[in-house]
Amino acid sequence: MHSAPRLAFRHIGKRFPGVRALDDVGFSVRAGSVHGLLGENGAGKSTMMKILGGEYVPDDGEVAIDGQAVAFRGAADAIAAGVAVIHQELQYVPELSVMENLLLGRLPTRLGLVDRRRALAFVRERLDALGVDLDPRAKLKQLSIGQRQMVEIVKAILRDATILALDEPTSSLSHRETEVLFRLVRDLRAQGKAMIYISHRLDEIFALCDAATIFRDGRKVADFDTLQGVSRETLVQRMVGRDIGDIWGYRPREHGPVRLSVQGVTSRAVPLPASFQVRAGEIVGFFGLVGAGRSELMRAVYGADRRLSGEVSVDGKAVRPTHIRDAIRLGLVFCPEDRKEEGIIGVRSVSENINISARRNHLVAGLFVNDRVEARTADTYIERLRIRTPNRRQEIRLLSGGNQQKAVLSRWLAENDLRVLIVDEPTRGIDVGAKNEIYAVLYELAARGVAVVMISSELPEVLGVSDRVIAMSRGRIVAQFARGEASEERVLAAALPEGAAPSARQVTP
Ligand SMILES: Nc1ncnc2c1ncn2[C@@H]1O[C@H](COP(=O)(O)OP(=O)(O)OP(=O)(O)O)[C@@H](O)[C@H]1O
Ligand SMILES: [Mg+2]
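For the sequence shown, full-length UniProt numbering gives the first residue as 1, with consecutive numbering after it.
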């Protein structure tokens, strides 16, 4: 007997000015299954989830639940139908507590007043039962992005949603949070929920998903009823429409003299003195778990955090503590991890966002910006990193999540007198095909003599791209490995705090 799938998308179409985001796309999701949704940045995944969540009305086609067409006219309709979509860009009220967020609109009242004690006890009990470590009284603004994501997921569970969609839920989760999430997803599957799971990490797709659909340029290009026997290469090939071959594309390079020297640096977040050097042409990968202190160390190196002790120099010239301008003048550039929060100017164009820091290099007679140079820089990166946009004048906020990342990353890559580049999680949220291009840009910079520091929590990426690997744990540099000596086991063993076990998170991109 064939029963109707729990959830079906039928012939969905959605257009935006200059973009056909979805074109006649359909797939269905069974109850009690996790359905992977894959595709390059800008393929249309999030747009589909916004349609499911009632935020966009499709131009064509329909969504059906248990065989019945539903027409959501807003997010409230979707919630009422038992649908919970956890969006890639989280929406939350920073001033509210975890408890208030979880119970929004249904706080228990006594004599007309919210009974906080009862609400707190209820939330605490539910969080405990789910094995989620969150303080119900903490304000959302005090939480890490990963913790906020957890709040969203728990909210969906508390609403008893029967259809759940997770749009790149792990991109900011720590090791432990990812494990908790995986456990929750598996429990929900066992309870018969229908789930959609979006991720650029194929190891997660293989670990969690029963079936999968692949989008490319707003169309469906493949459906897999099962992932049993399906190879990673097949998925990648279908996603990008070409063979990527060796995703790392690493070639050995000559290394010159020391460019970046860090001696005994400490800061509030880095209590023990840290020292390392990077040569011209060298790519040094910093591996550690989320929270190992890698970003904090780099912030102190660059001058974004106050340095309490130690010396930093570029080509022998000292970078004074807390003088970011010194760092920039000496050609030391830091591309932060949270590019969305720190870097994007939403209403500006893609071109302006790419050119924003490179701008000072384009001063003509020291007076005005050369439009033609800017246009060329923007177009170069739009093409190289395959930034999916109708043109360079598009407002950056209208791009898909991964394409915004690429645009902001190009800003740093386009910097002219770069000597030292520190990139923090450069490929987070970026699709397999474009990762490959980002590595190629890093190699090119290194070949030009730039000293590159790459922070990454993806061990295969660190091993695949770096000439040398430095492992950090709990705010300290704990080990260094030459490329030939670095193996997954050795680097993990060094970087994991005692007792922690490796998990699926650390396998291939
Ligand atoms: N509101 C909008 N206005 C204009 N274009 C939009 C809008 N929303 C999405 N798009 C475009 O639609 C296309 C699909 O975007 P979508 O966000 O669905 O991609 P995605 O598959 O989720 O990508 P990513 O992996 O980067 O998150 C992109 O080209 C994007 O720029
Ligand atoms: Mg998306």
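Cβ coordinates follow ideal geometry from the N, Cα and C atoms, glycine included.
Contacting residues, own chain, Cβ-Cβ under 7 Å from residue i (five flanking each side not counted)
i: V83; result: L52, G53, A161, I163
i: R126; result: L158
i: D326; result: G303, V319, R320
i: V314; result: R259, L260, L330, G331, L332, R419, V420
i: I477; result: A274, F276, I470
i: A156; result: A84, I86, L164
i: W248; result: Y439, G464, V465
i: T427; result: K435, I438, E461
Identity of the residues DSSP links to residue i by a beta bridge
i: I324; result: None; I324 has no bridge partner.
i: G36; result: Y197, A212
i: T266; result: S309
i: Q470; result: Note that residue 470 is Ile in the sequence shown, not Gln. Answer is F286, Q480.
i: I430; result: Note: I430 sits in no beta bridge, so no partner.
i: M454; result: G285, V423
i: K50; result: K50 pairs with nothing; no bridge assigned.
i: R279; result: V258
i: residue 510; result: Only positions 1 to 509 of the chain appear in the structure, and residue 510 is not among them; the question remains open.
i: F9; result: F27, V63
i: S487; result: None, per the DSSP bridge assignment.
i: L166; result: I86, Y197
i: V333; result: L421
Secondary structure of residue i, DSSP reduced to three states
i: F287; result: strand
i: L399; result: coil
i: P17; result: coil
i: S261; result: strand
i: F27; result: strand
i: A84; result: strand
i: A274; result: strand
i: H175; result: helix
i: residue 518; result: Here the chain has residues from 1 to 509 only, and residue 518 is not among them.
i: D417; result: coil
i: S295; result: helix
i: V347; result: coil
i: R118; result: helix
i: V314; result: strand
i: A4; result: coil
i: A493; result: helix
i: R386; result: coil
i: V132; result: coil
i: R159; result: coil
Chain-order list of residues whose beta-carbon lies under 6 Å from that of residue i (same chain, five-residue window excluded)
i: R200; result: Reading off the sequence, residue 200 comes out as His, not Arg. Result list for H200: D431, in chain order.
i: G74; result: G54
i: S225; result: This sequence places Asp at residue 225; Ser is not what is there. Hits under 6 Å: A211.
i: G401; result: Q88, G429
i: L463; result: A486
i: V221; result: I214, R238
i: Q506; result: Unreliable positioning characterises Q506 in this predicted model, as indicated by a pLDDT of 39, which lies under 50. The coordinate reading is nonetheless provided below. So the list reads L459, once near-sequence residues are dropped.
Proximity test, residue i beta-carbon vs ligand 3 heavy atom, cut-off 6 Å
i: Q394; result: The model on display carries ligand 1 and ligand 2 but not ligand 3.
Neighbourhood of residue i by C-beta distance below 8 Å, restricted to the same chain and skipping five residues each side
i: K193; result: A31, G32, A161, T162, I163, L164
i: E95; result: K139, L140, K141
i: Y92; result: N101, L140, R148, V151, E152
i: I205; result: G36, L38, Y197, S199, A212, L227, L235
Given 8 Å as the limit, is there contact between the stretch 140-148 and the stretch 164-173, that is, 3 or more CB pairs closer than that? Touching, per the Cβ criterion.
Pull every residue with its beta-carbon under 5 Å away from any heavy atom of ligand 1, and keep them in chain order. Taking every residue with its beta carbon within less than 5 Å of a heavy atom belonging to ligand 1 gives, in chain order, F16, V19, A21, N41, G42, A43, G44, K45, S46, T47, R388, L398, L399, S400, G401, G402.
Check whether the stretch 320-333 touches the stretch 420-427, taking contact to mean three or more Cβ pairs, one atom from each stretch, closer than 8 Å. With a cut-off of 8 Å, the stretch 420-427 and the stretch 320-333 count as touching, because enough Cβ pairs lie within range.
Would you say the stretch 278-286 touches the stretch 231-239, given that touching needs at least three Cβ pairs under 8 Å? They do not touch, by the three-pair rule.
Does the stretch 291-308 touch the stretch 390-399, meaning 3 or more C-beta pairs lie closer than 8 Å? Using a Cβ-Cβ distance cut-off of 8 Å, the stretch 390-399 and the stretch 291-308 are not in contact, since fewer than three pairs of beta carbons, one from each stretch, lie closer than that value.
So does the stretch 205-213 actually touch the stretch 37-44, counting three or more Cβ pairs closer than 8 Å? Because the criterion of three Cβ pairs below 8 Å is met, the stretch 205-213 and the stretch 37-44 touch.
Would the stretch 260-280 count as touching the stretch 296-305 if we require 3 or more Cβ pairs under 8 Å? A contact exists between the stretch 260-280 and the stretch 296-305.
Does the stretch 60-74 come within contact of the stretch 4-22, defined as at least 3 CB pairs closer than 8 Å? Yes, since at least three Cβ pairs between the stretch 60-74 and the stretch 4-22 fall closer than 8 Å, the two stretches touch.
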